[in-house]
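Report on the following structure.
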Amino acid sequence: MSLTTIKGLQSEIFVPITPPSVWTPVTKDIKDMTVALATAAGVHHKEDTRFNLAGDFTWRKITNDMKSDELMVSHGGYDNGDVNKDINCMFPIDRIHELAKEGVIKACAPVHAGFMGGGGNQEKFKNETGPAIAQMFKEEGVDAVILTAG
Amino acid sequence: MQRAIEEAGIPTIIIAALPPVVRQSGTPRAVAPLVPMGANAGEPNNKEMQTAIVKATLEQLVEIQTPGKIVPLPFEYVAKV
Chain Z
1 MSLTTIKGLQ SEIFVPITPP SVWTPVTKDI KDMTVALATA AGVHHKEDTR FNLAGDFTWR
61 KITNDMKSDE LMVSHGGYDN GDVNKDINCM FPIDRIHELA KEGVIKACAP VHAGFMGGGG
121 NQEKFKNETG PAIAQMFKEE GVDAVILTAG
Chain U
1 MQRAIEEAGI PTIIIAALPP VVRQSGTPRA VAPLVPMGAN AGEPNNKEMQ TAIVKATLEQ
61 LVEIQTPGKI VPLPFEYVAK V
């Protein structure tokens, strides 16, 4: 007896589907890595344009010459209380600098990326913002990226 | 975002406060300390915890061999709200 009565039947209710896995193997030791940060926490420079809290697929470049106290958060999707006290709890840039100084990693990358997760145009994120950030990291010779999100 | 960077040929790891969310969106590698959303890399102004989380994250970047693996990290911060 077959349990399938109608072939290709799909639920009418939207269910998120986990995409097939992506994987780039690690080829360097931690001490030989130039490490960059990318965060969905809405981090950017204080002088830079704020994110649209209703949903925003754009991103902000954060360069290494920006001090951590010159950075801020605009994000409507989580409690900003902690990150307003200390940007490092979502964007641990000072910690990365310290690890580079101690020789745990080779270097802190010259550029990092801030964007606002938790909404916005997912197609734009996937097809434009994501590849643009990846391209920047490629051009700057980044070996590994730590993200904070979710 | 993590997938886009990984697809470009740079290995990545995400520090997540909500592991089921990153699992669903197809993360290649993740760590999950016991933290609330908004303090993924540890308690504010707790340099020791933040350093430990970032170091453990880098170790797992090398350690994890299976795409989609999420490793819990033994650090806990409960926000007082």
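Here the protein sequences line up with chains Z and U, keeping their order. Take 1 as the starting number for the first sequence in the working numbering and just add one per residue. Take 1 as the starting number for the second sequence in the working numbering and just add one per residue. Yeah, the Cβ is synthetic: ideal placement off N, Cα and C, and Gly gets one too.
Check: Which partner residues does Met-72 of chain Z have in the DSSP bridge list?; Outcome: Z:His-44
Check: Checking 7 Å against the spacing of the C-beta atoms, do Trp-59 of chain Z and Ala-113 of chain Z come in under that value?; Outcome: yes
Check: Quick check: what's the CA-CA separation for Asn-84 of chain Z versus Glu-43 of chain U?; Outcome: 12 Å
Check: I'd like to check one pair, Gly-117 of chain Z with Thr-149 of chain Z: are the Cβ atoms closer than 7 Å?; Outcome: The question names Thr, yet the displayed sequence has Ala at residue 149 of chain Z. Taking 7 Å as the Cβ cut-off, Ala-149 of chain Z and Gly-117 of chain Z qualify as a contacting pair.
Check: Pull the bridge partners of Leu-34 of chain U from the DSSP assignment, please.; Outcome: U:Glu-76
Check: At which residues does the alpha helix (DSSP H) containing Arg-95 of chain Z begin and terminate?; Outcome: 93 to 102
Check: For Val-83 of chain Z, which of helix, strand or coil comes out of DSSP?; Outcome: helix
Check: With respect to the beta strand (DSSP E) encompassing Val-22 of chain U, which residues constitute its N-terminal and C-terminal limits?; Outcome: First-last for Val-22 of chain U: 19 to 24, but that is the alpha helix (DSSP H), not the beta strand (DSSP E).
Check: Chain U beta carbons: is any one of them nearer than 7 Å to that of Arg-95 of chain Z?; Outcome: yes
Check: Is the distance from the Cβ of Asn-88 of chain Z to the Cβ of Asp-94 of chain Z below 7 Å?; Outcome: yes
Check: If you check the beta carbons only, do Ala-56 of chain U and Met-37 of chain U fall under 7 Å apart?; Outcome: no
Check: Contact check, Leu-61 of chain U vs Ile-15 of chain U under 8 Å by CB: the rounded distance?; Outcome: Going by Cβ atoms, the distance from Leu-61 of chain U to Ile-15 of chain U rounds to 11 Å, so no, they are not a contact pair.
Check: Is any heavy atom in the ligand ADP found nearer than 6 Å to the beta carbon of Met-1 of chain U?; Outcome: Only the bare structure without any ligand can be found here, which leaves the ligand ADP out of the picture.
Check: Short check: CB of Pro-28 of chain U to CB of Pro-67 of chain U, under 7 Å?; Outcome: yes
Check: DSSP puts Phe-115 of chain Z in a beta bridge; with which residues?; Outcome: Z:Trp-59
Check: What number of angstroms, rounded off, separates the C-alpha of Pro-19 of chain U from the C-alpha of Leu-3 of chain Z?; Outcome: 35 Å
Check: Just confirm the distance between the C-beta atoms of Thr-24 of chain Z and Gly-26 of chain U, as a whole number of angstroms; I'd bet it's less than 8 Å.; Outcome: About 14 Å; that fails the 8 Å criterion.
Check: Compile a chain-ordered list of the residues in the stretch 126 to 145 of chain Z whose CB is closer than 8 Å to at least one CB of chain U.; Outcome: Lys-126, Thr-129, Gly-130, Pro-131, Ile-133, Ala-134, Gln-135, Phe-137, Lys-138, Val-142, Asp-143, Ala-144 and Val-145
Check: In this structure, how does DSSP classify Lys-67 of chain Z when only helix, strand and coil are distinguished?; Outcome: coil
Check: Leu-58 of chain U by DSSP, collapsed to three states: which one?; Outcome: helix
Check: Looking at the unbroken beta strand (DSSP E) that takes in Ile-15 of chain U, where does it start and where does it end?; Outcome: 12 to 15
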